[in-house]
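This is the structure we're talking about:
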């Protein structure tokens, strides 16, 4: 008697698994179609995109981009990483959260980069974010009064990075002073600030840019702003411990007598 053995078929389990998946997928699709057509159930496809965290032109830009990519796509099978890559490629987008809200809504929550400086160059004026990213050009929509960097010597990569750190620290810890600063520079002595109504440079500490700023604020309001020679002050130095140094005006030279 010859043994009754069947030849091995290694592909058979995979074929059975594929047929099972196809059948289950077909049944699920049929149930969804039946429910949507006769029972009023909604399909799990994206019919609405909600965008929050930005306004104006930026909101419209992200809304149009997202709708063009995901509307009509399956909610749980949509390529969220492609959508994320396209949105986060915008310089002004710091982060993005994507939330799927069944049955038909995709929610996008954005965090914008905040500008802390204006960078004035020959080809235009640009916004610089608090993490050092060069953003949009300054226009009527984003025309907020923040410190400018005009000095070419301060516009090197290293100098600009330092000034971004200075502006961020002043905004976080001394908002009132930051709002009054019209220009920031980087010099051999460290950061230098200029405020409206005071032509003299204000030297800030390298280690702690907010050092003596409250003392200066009180001194300026109580005494300096009342001085008739305010425009002739040579400097204000806040780098000393608990002391504000004021560079008094230089005395006018005595005119020489005729014949000498």
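Numbering (our numbering), first residue to last: 287 to 546. Beta carbons: idealized from backbone N, C-alpha and C, even for Gly. Quick caveat, the model's predicted, so the values are computed rather than measured.
Sufficient close CB pairs (3 or more, under 8 angstroms) joining the segment 396-404 to the segment 353-362: no
Given residue 409 as reference, the closest of 436, 391 and 518 once Cα atoms are compared: 436
Between the CA atoms of residue 333 and residue 326 - distance to the nearest angstrom: Caution applies to residue 326, whose pLDDT of 46 falls short of 50 and renders its modelled position unreliable; the value that the coordinates give is listed next. Each residue's Cα considered, the two are about 16 angstroms apart.
Helix, strand or coil at residue 432 according to DSSP, with G and I counted as helix: coil
CB of residue 258 within 7 angstroms of CB of residue 381, strictly: Nothing about residue 258 can be reported from this structure: the residues present for the chain run from 287 to 546 only.
Straight-line Cα distance separating residue 366 from residue 277: Any question about residue 277 goes unanswered here, given that the chain covers just 287 to 546.
Burial state of residue 373 (16 or more Cβ within 10 Å): buried
Residues bridged to residue 386 (per DSSP): 392
Residue 505, DSSP secondary structure in three states: helix
Alpha-carbon spacing of residue 528 relative to residue 489, whole angstroms: 14 angstroms
The alpha helix (DSSP H) enclosing residue 348, as first and last residue numbers: 342-356
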